[in-house]
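Asks:
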Amino acid sequence: MNEFSWMVPLLVVLPLVGAGINLAAVGRTRVQRLASMSVLTAVLIISVVLLFAADQRGPQVVHVGGWAPTDGIVLIVDRLSALMVIVSTVVTMAVLRYSIGQGRSSFDNESDGHAPLPVFHPTILVLSAGVSTTFISGDLFHMYVGFEMLLAASFVLLTLGGTEARVRAGVTYVFVSLLSSMLFLLAIAMIYAATGTVNLAILATRLETIPHDTSVVLHVLLILGFCVKAAVFPMSGWLPDSYPTAPAPVTAVFAGLLTKVGIYALIRTQTLLFPDGTLNTLLMWAALLTMIVGILGAVTQDDIKRMLSFTLVSHIGYLLFGISVGSSAGVSAAIFYVLHHITIQTTLFLVTGLVERVGGTTASSHLGGLARISPLLGILFFVPAMNLAGIPPFSGFLGKVGLMQAGVEQGTWLSMTLVVGSVVTSLLTLYAVARIWGRAFWGSPPQVEEGMTYTPARSGSGRAMGAGVVMPTMALVAFGLGLTLVAGPLFEITDRASLDLVLREPYLLAVLGEWRQ
Amino acid sequence: MTPNLTLILVAATMLGTGVYLLLARSIVRALVGFLLMSNGINVLYLVASGPAGEVPILGEGDGGAISDPIPQALVLTAIVITLALTAFVLSLAHRAWQLGRDDLLEDDEESARIHRRAEENDMASDSEDDADLIAAEFAEEDDG
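As you go down the protein sequences, you meet chains A and B in turn.
For the first sequence, my numbering begins at 1193 and goes up steadily by one.
For the second sequence, my numbering begins at 21 and goes up steadily by one.
(1) Nearest by alpha-carbon distance to residue 1529 of chain A: which of A:1251, A:1589, A:1458, A:1698 is it?
(2) In the DSSP assignment, find the beta strand (DSSP E) that holds residue 1252 of chain A and state where it starts and stops.
(3) Would you please state the rounded distance, in angstroms, between the beta carbons of residue 1397 of chain A and residue 1421 of chain A? I believe it to be under 8 Å.
(4) State the DSSP-derived secondary structure class of residue 1402 of chain A, mapped to helix, strand or coil.
(5) In this structure, does DSSP put residue 1301 of chain A in helix, strand or coil?
(6) Any beta carbon of chain A sitting closer than 8 Å to that of residue 183 of chain B?
(7) Note down, in chain order, all residues in the region 1368-1389 of chain A with a beta-carbon under 7 Å from any beta-carbon belonging to chain B.
(8) Mind checking whether residue 1458 of chain A and residue 1392 of chain A have CB atoms under 8 Å apart?
(9) Please report the distance separating the alpha-carbon of residue 1608 of chain A from that of residue 1476 of chain A.
(10) Would you mind stating whether residue 1539 of chain A and residue 1669 of chain A have Cβ atoms separated by less than 8 Å?
(11) For a contact meaning CB atoms closer than 9 Å, what does residue 1344 of chain A contact in chain B?
(12) Here's the rule I'm using: 16 or more other beta-carbon atoms within 10 Å means buried, otherwise exposed. How should residue 1436 of chain A be labelled?
(13) Would residue 1406 of chain A count as contacting chain B if we go by Cβ distances under 8 Å?
(14) Any chance the region 1251-1263 of chain A sits against the region 1397-1415 of chain A, with 3 or more Cβ pairs inside 8 Å?
(15) So what does DSSP say about residue 78 of chain B, is it helix, strand or coil?
(16) With three or more C-beta pairs closer than 8 Å as the rule, is the region 1356-1372 of chain A touching the region 1676-1686 of chain A?
(17) So which residues on chain A does residue 120 of chain B lean against when the C-beta distance must stay under 8 Å?
(18) Shortest alpha-carbon distance to residue 1702 of chain A belongs to which of A:1207, A:1198, A:1209, A:1254?
(19) What is the DSSP secondary structure of residue 46 of chain B, counted as helix, strand or coil?
(20) Between which two residues does the alpha helix (DSSP H) carrying residue 1583 of chain A extend?
(21) Indicate whether at least one CB of chain A lies closer than 8 Å to the CB of residue 126 of chain B.
(22) Within the same chain, show all residues whose beta-carbon is closer than 8 Å to that of residue 1223 of chain A, passing over the 5 residues directly before and after it, in chain order.
(23) What does residue 1433 of chain A reach in chain B if we use C-beta pairs closer than 8 Å?
(24) Considering only the beta carbon of each residue, do residue 1246 of chain A and residue 1225 of chain A sit closer than 8 Å?
(25) Can you pull out the residues from the region 56-88 of chain B whose beta carbon lies closer than 7 Å to at least one beta carbon of chain A?
(26) Suppose the cutoff is 6 Å on Cβ atoms and the five residues either side in sequence are ignored; what does the same chain contact list for residue 113 of chain B look like?
(27) Can you tell me the Cβ-Cβ gap for residue 91 of chain B and residue 111 of chain B, rounded? I've got them flagged as a contact below 8 Å.
(28) Just the C-alpha distance for residue 1353 of chain A and residue 1345 of chain A, rounded to the nearest angstrom, thanks.
(29) Any idea if residue 141 of chain B is buried or exposed, counting beta-carbon neighbours within 10 angstroms, 16 or more meaning buried?
(30) Could you list the residues in the region 1493-1524 of chain A with a C-beta less than 8 Å from some C-beta on chain B, going in chain order?
(31) With H, G and I counted as helix, E and B as strand and the rest as coil, what does DSSP make of residue 1218 of chain A?
(32) Note down the Cα distance separating residue 1568 of chain A from residue 1442 of chain A, rounded to an integer number of angstroms.
(33) Using a cut-off of 7 Å between C-beta atoms, extract the partners of residue 1340 of chain A located in chain B.
(34) Can you name the residues of chain A whose CB is closer than 8 Å to the CB of residue 97 of chain B?
(35) Does the pairing of the region 53-68 of chain B with the region 79-87 of chain B give three or more beta-carbon distances under 8 Å?
(36) Report buried or exposed for residue 1233 of chain A, applying the criterion of at least 16 other Cβ atoms within 10 angstroms of its Cβ.
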């Protein structure tokens, strides 16, 4: 037990308790809001403390129930986990504040005001607990349980209100997610049969002793499941199909968190369990195709939400690029990029929610002149969009430079191709967001015609953009800019984090300790 | 450890049929596929736990080899999760039936529209063309 390790389980327990309070206090909006926000604030503070503890004194470990790692579940927070929890909590808080700003009834109205329970708050807290479980788990099966928690919550959120479009999108999403969970579960069964354990640290030592062919089979099964979750090409088709139909805050939190959980699992697997890099070439090809195919999808889209969903897929390629390079520098840049990407993608989806409130739609062919109608909205979209495209000096640019440096350092023709591919993708991202900018924000506002199903805003948009929704969005934009300001110290932390990941020794020592064989 | 061949064949059959059903457009069929797959995997956990032995409680057996309790615990968790997800998917299928009297999954309209434009090689990125087109569609609907 370390000094701060008692805090580790709180990352999961607090959101779950918060969800319970939310359900108990049905109809008492103020209590619910207070509970949700204070729980998330507490989680944020705890995760910041844990980041410092993990950075200064090594990984914080809890052997749940005092069981030995061979029998029980281990929770562990190292620098990577702490960073992921911090950023995911920040975006969840912003999204929750945004939805509070929309008004309590905004989701209940969708089912004619007859929603039996205001489920949004408790569900998003369960989602947060599931995400944290995955990040702090030191046990493969426990990780699976975390996945299922966040998936079950995401199913509810995606089909909120149960309209026809959402049910259609929900079915696709639900079955793809179930399939990926099945693959993960299958992989765990195989791994247990081959090694007799599901603890990550023990697996790391035992996988080296089993025949190489067997371990490759296990490896493929495991990362296949994670790649479906992370929307890596060619398993990415479900994402742009299902995300855009959900309400703006839901899409925002999905875009920020769900695929990144898959990426986190990939980072762990690649560094801790299979450090020999057998499949790195394959992953590099997958990264290249994810980037290119994703961004080619984005440039043809008319709907802003769909365009953003395609850029989301495309930029997963960057993360995979960093992981597949396999060096400490590559993993470090991937961690930095994942933090940047969670923030930016969530921000952009929230801003799209604002666009929908002001313009009445997210189809860019029906929008126009938004920058004149609301200059503030223009700025809120422009800054994160440029950040996404990787224009210096934003954090997107810094992350991409880090990835490219790692690629050039490796120096193989494939990694050089990836560097070229990532530059092309970056330019195409710029093209895609500039195209949306030109269509939706410049030009003149569309005329109101007979037969239109929406009312384009003309002036006085302050009515649509209340402070309750603008402030959280502004805060996230500022947080994204803050990532640029603290990029130096942040890169130092991710460097140390990735060095520990590549060395593996600190993790093994922290978990196994006295139980070391 | 010698794996139990019968169990492996059972699991393989269940997984195979499960994958086939999962590819169906009907939600209920796909759900049955998911159930078959997850139960197939649960059977695989039995293979992973090795041959059955004595009760895995200290002091209860006759000193022989005990069963491995961990896969049993894992399977139990997996079954509970499957149950919850089944309930959710069933309610989703019910909702789809309520809305459309059908549980068949339809294509994504926006994706189909962009695909159609690509087929026709329609390069017009002009916003007005699109708006006109859609306004015309609305007008048609109104007439009909």
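Where is the CB? At the ideal position from N, CA and C, for every residue including glycine.
Replies: A quick look at the data gives this:
(1) A:1589
(2) Unbroken beta strand (DSSP E) run through residue 1252 of chain A: 1252-1255.
(3) Not confirmed; about 26 Å, so no contact.
(4) coil
(5) Bear in mind that the predicted position of residue 1301 of chain A carries a pLDDT of just 47, short of 50, making it unreliable; the figure below should be weighed with that in mind. Residue state, collapsed to three classes: helix.
(6) No statement about residue 183 of chain B is possible, as the shown extent of chain B runs from 21 to 164 and does not include it.
(7) 1370, 1371, 1374, 1377, 1378, 1381, 1384, 1385
(8) no
(9) Roughly 11 Å between the two C-alpha positions.
(10) Yes, the Cβ-Cβ distance between residue 1539 of chain A and residue 1669 of chain A is below 8 Å.
(11) 101, 104, 105, 108
(12) buried
(13) Using beta-carbon distances, residue 1406 of chain A does not count as an interface residue toward chain B, since no partner is under 8 Å.
(14) Taking 8 Å as the limit for Cβ pairs, the verdict is that the region 1397-1415 of chain A does not touch the region 1251-1263 of chain A.
(15) coil
(16) At 8 Å Cβ cutoff, the stretches do not touch.
(17) 1356
(18) A:1254
(19) strand
(20) Counting along the chain, residue 1583 of chain A falls outside any alpha helix (DSSP H), and DSSP gives it neither H nor E.
(21) In terms of beta-carbon proximity, residue 126 of chain B lines the interface with chain A, with at least one pair separated by less than 8 Å.
(22) 1213, 1217
(23) Chain-ordered, the chain B residues with CB closer than 8 Å to the CB of residue 1433 of chain A read 128, 131.
(24) No. Outside cutoff.
(25) 57, 58, 61, 64, 65, 67, 68
(26) 47, 48, 123
(27) Actually they are not in contact, since the Cβ atoms of residue 91 of chain B and residue 111 of chain B sit about 31 Å apart, beyond 8 Å.
(28) 14 Å
(29) exposed
(30) 1493, 1494, 1495, 1498
(31) coil
(32) 23 Å
(33) 101
(34) 1333, 1337
(35) By the criterion of at least three beta-carbon pairs nearer than 8 Å, the region 53-68 of chain B is not in contact with the region 79-87 of chain B.
(36) exposed
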